[in-house]
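K.L.:
Encoded as structure tokens, here's the structure I'll be asking about.
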Amino acid sequence: MLRMMQCGLGILLFFAAFDSIKSANLQCGQTPIHPILNNGIVGGHPAQPYSWPWQTLIHPGGSVCSGSIVADRWVISAAHCFDGVPENTVEVYSGVFGRRHPYPKTSHKVRKIYLHPKYGSHGFNDDVALLELDDSITFNHYTQPVCLPSNDSSVVVPPNMAWVTGWGYLMDGGPLSNTLQQVHLPFVDINTCERNYGSHWINKALHICAGKEGKDACQGDSGGPLVVESSGGPWFQYGITSFGGKCGEKNQPGVFTRVSNFCSWIEATTAGNVMCQSA
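For the sequence shown, the positions run -23 to -1, 1 to 256 when mature numbering (1 follows the signal peptide of the UniProt record, and there is no 0) is used.
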């Protein structure tokens, strides 16, 4: 049975470093509080608090999803989190580590949800959404935009690896994590992934597969980022957590929406406020 990744409902705070960072001087993919790059989620560990500063916690109605900050008023996520969900029922939280910790978490209302126009026409294809926020996110050491890649052909292949983050189930069937988790996943050859799931579910142009037995994203992680640190330093988001089989099972890797395939739509929808770039 396939699963959508949605379906779920001693921190040292560097308050002196909380001053706003001016947008004019801002570069994407920066981590002022550096992540500790060990393993989270299924088969992983809690993240260093606030070390993945583009991560957002999203409540679409009564469920839990994630997203990524890509500009001060824009968040990218998975379309299936918002299918049929009115904008006025969605809350986006930036600057989050613990789901129940109030500070420095900031709540944002959603002005408009943009689902990809082809979403829903075939399986899990085109599972991408953009959220336009009512107010601007203030960038600081806890909130930063991630970079989006214009090309990924040399990155999303074995033996390369990526990081996935979220508050999803720690094992198949739950429960949700209270603190942000991270896991280091190997990319899976897309042809192998297609054989595992079948061509009805996997579109080689639209999907990326990553994970292995015991290491996976899971329910509640939907919409979250799959990121790789570039050789030049910035972090790029190559995938959006979309669906998979049973969490952490052999031959059932996580399937992610392939961001680079949607650059034209992203740039047009945001009126050029979000641009893909070379990693």
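Every residue gets a Cβ at the ideal spot worked out from N, C-alpha and C, and that includes glycine.
Give the secondary structure of I(-3) by DSSP, where H, G and I count as helix, E and B as strand, and everything else as coil.
P.N.:
Numbered from its first residue, the sequence shown carries residue -3 at position 21. Here I(-3) scores only 43 on pLDDT, less than 50, and its place in the model should not be relied on; the value that follows carries that caveat. Three-state result, I(-3): coil.
K.L.:
Here's a check: name, in chain order, each residue in its chain whose Cβ is nearer than 6 Å to the Cβ of H36, leaving out the five neighbours to either side.
P.N.:
Here residue 36 corresponds to residue number 59 of the sequence shown, with the count starting at 1. The residues are E68.
K.L.:
Is the beta carbon of G100 sitting closer than 8 Å to the one on W178?
P.N.:
What you label residue 100 is simply residue 123 of the sequence shown in a count that begins at 1. What you label residue 178 is simply residue 201 of the sequence shown in a count that begins at 1. In contact: G100 and W178 (Cβ atoms closer than 8 Å).
K.L.:
Is it buried or exposed for D112, if we count other Cβ within 10 angstroms and need 16 for buried?
P.N.:
Translated into the one-based positions of the sequence shown, residue 112 becomes position 135. Burial call: exposed.
K.L.:
According to DSSP, simplified to helix, strand and coil, what is W29?
P.N.:
Within the sequence shown, numbered from 1, the residue matching residue 29 stands at position 52. Three-state result, W29: coil.
K.L.:
In chain order, what residues of the same chain have a beta carbon less than 6 Å from the beta carbon of S154, not counting five sequence neighbours either side?
P.N.:
Counting from one through the sequence shown, the residue named residue 154 turns up at place 177. The residues are W144, L147.
K.L.:
Taking all protein chains shown into account, do 16 or more other C-beta atoms lie within 10 angstroms of the C-beta of A245, making it buried, or fewer, making it exposed?
P.N.:
As a first step, residue 245 is located in the sequence shown; it is residue number 268 there, counting from the start. When all chains shown are included, A245 counts as exposed.
K.L.:
Under 8 Å, do G97 and T66 count as touching if we go by C-beta distance?
P.N.:
Counting from one through the sequence shown, the residue named residue 97 turns up at place 120. Counting from one through the sequence shown, the residue named residue 66 turns up at place 89. No. Outside cutoff.
K.L.:
Enumerate in chain order the residues of its own chain whose CB-to-CB distance from L92 is below 6 Å, with the five nearest sequence positions on each side excluded.
P.N.:
By one-based count along the sequence shown, residue 92 stands at place 115. Excluding sequence neighbours, L92 sits near A56, A106.
K.L.:
Quick check on Q(-18): does DSSP put it in helix, strand or coil?
P.N.:
One-based indexing of the sequence shown puts residue -18 at position 6. Because the pLDDT at Q(-18) is just 45, under 50, the model does not fix this residue reliably, and the value given afterwards should be weighed accordingly. Coil.
K.L.:
So what does DSSP say about R172, is it helix, strand or coil?
P.N.:
Position 195 of the sequence shown holds residue 172. Helix at R172.
K.L.:
Determine whether the beta carbon atoms of G200 and I185 lie at a separation below 8 Å.
P.N.:
Against the sequence shown, residue 200 aligns to sequence position 223. Against the sequence shown, residue 185 aligns to sequence position 208. Not closer than 8 Å, so no.
K.L.:
Should N102 go down as buried or exposed, given a rule of 16 or more other Cβ atoms within 10 Å for buried?
P.N.:
Taking the sequence shown and counting its residues from 1, one reaches residue 102 at position 125. Buried, because 16 or more other Cβ atoms sit within 10 Å of the Cβ of N102.
K.L.:
Would you say Q7 and P163 are within 8 Å of each other, going by their C-beta atoms?
P.N.:
Reading the sequence shown from its first residue, position 30 is the one you call residue 7. Reading the sequence shown from its first residue, position 186 is the one you call residue 163. Against a cut-off of 8 Å, the Cβ pair of P163 and Q7 comes out as no contact.
K.L.:
Looking at S45 and P202, is the spacing between their C-beta atoms short of 8 Å?
P.N.:
The residue given as residue 202 occupies position 225 in the sequence shown. The residue given as residue 45 occupies position 68 in the sequence shown. Contact flag set, yes.
K.L.:
What distance in whole Å lies between the Cβ atoms of T234 and L183, which are believed to be in contact at a cut-off of 8 Å?
P.N.:
Translated into positions along the sequence shown, residue 183 becomes position 206. Translated into positions along the sequence shown, residue 234 becomes position 257. Their Cβ separation, rounded to whole angstroms, is 7 Å, which keeps L183 and T234 in contact under 8 Å.
K.L.:
DSSP three-state call for T120: helix, strand or coil?
P.N.:
For this step, residue 120 is matched to residue 143 along the sequence shown. Looking at T120 - three-state DSSP - the assignment turns out to be coil, as it is neither helix nor strand.
K.L.:
My output table needs one value for residue 303: the three-state DSSP class, helix, strand or coil.
P.N.:
In the structure displayed, the chain extends from -23 to 256; residue 303 sits before or after that span and is not available.
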